[in-house]
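Residue numbers (my numbering): 246 to 414.
Heads up, the beta-carbon is just placed ideally off N, CA and C, and yes, glycines get one too.
See below for the structure under consideration.
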């Protein structure tokens, strides 16, 4: 059994119009939700062993903000193709994961991360899944090796909305 966490980056700032999309940092309210999201991840089993992040500043800040709360923080690997990735790009990364990894997290952007979640769970992109900023989808994949990942093989174990996290703050 493999576990895949799909985390959309936290709320980004639009205060600096001179920055490119990839350079935009998190907004204060995006930063605020990360420690509690990290505590949620700390309570999950199995623990996240590796995080792959888009190179966008807001995605990297999201990944690093979440792992600050973990007793055994995993490595965060910046994976440039995850910036505005589509389903085939996410699948290519998934197929390349080392088989010894049991639980991995991708930090990325919509619409790609939402589409990948739908593709894994429903076998197609339906447009019915909503991953808002800082929402986390926890998927179980009944496979032995990541390269066995196929359309519809995932089971959505939990969807943790950032609004719930904010309500707990």
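| Item | Value |
| --- | --- |
| Whose CA, out of 352, 257, 368 and 372, lies closest to the CA of residue 383? | 352 |
| Check each candidate in 392, 318, 266 and 335 and name the one with the smallest Cα separation from residue 303. | 266 |
| Whole angstroms are fine: how far does the CA of residue 369 sit from the CA of residue 355? | 16 Å |
| When the Cα of residue 273 is compared with those of 258, 280 and 310, which residue comes out closest? | 258 |
| So what's residue 347 in DSSP terms, helix, strand or just coil? | coil |
| Should residue 284 and residue 314 be called a contact, given that it needs their Cβ atoms to be closer than 8 Å? | yes |
| Residue 402: buried (16+ other C-beta within 10 angstroms of its C-beta) or exposed? | exposed |
| For residue 372, name the three-state secondary structure that DSSP assigns. | coil |
| Mind checking who residue 295 pairs with in its DSSP beta bridge? | 320 and 349 |
| Count the other CB atoms within 10 Å of the CB of residue 343; is the residue buried (16 or more) or exposed (fewer)? | exposed |
| Out of 346, 363 and 280, which has the shortest C-alpha to C-alpha gap to residue 374? | 363 |
| Can you tell which of 359, 366, 380 and 365 has the C-alpha that lies nearest to the C-alpha of residue 372? | 359 |
| May I ask you to report which of helix, strand or coil DSSP gives residue 257? | strand |
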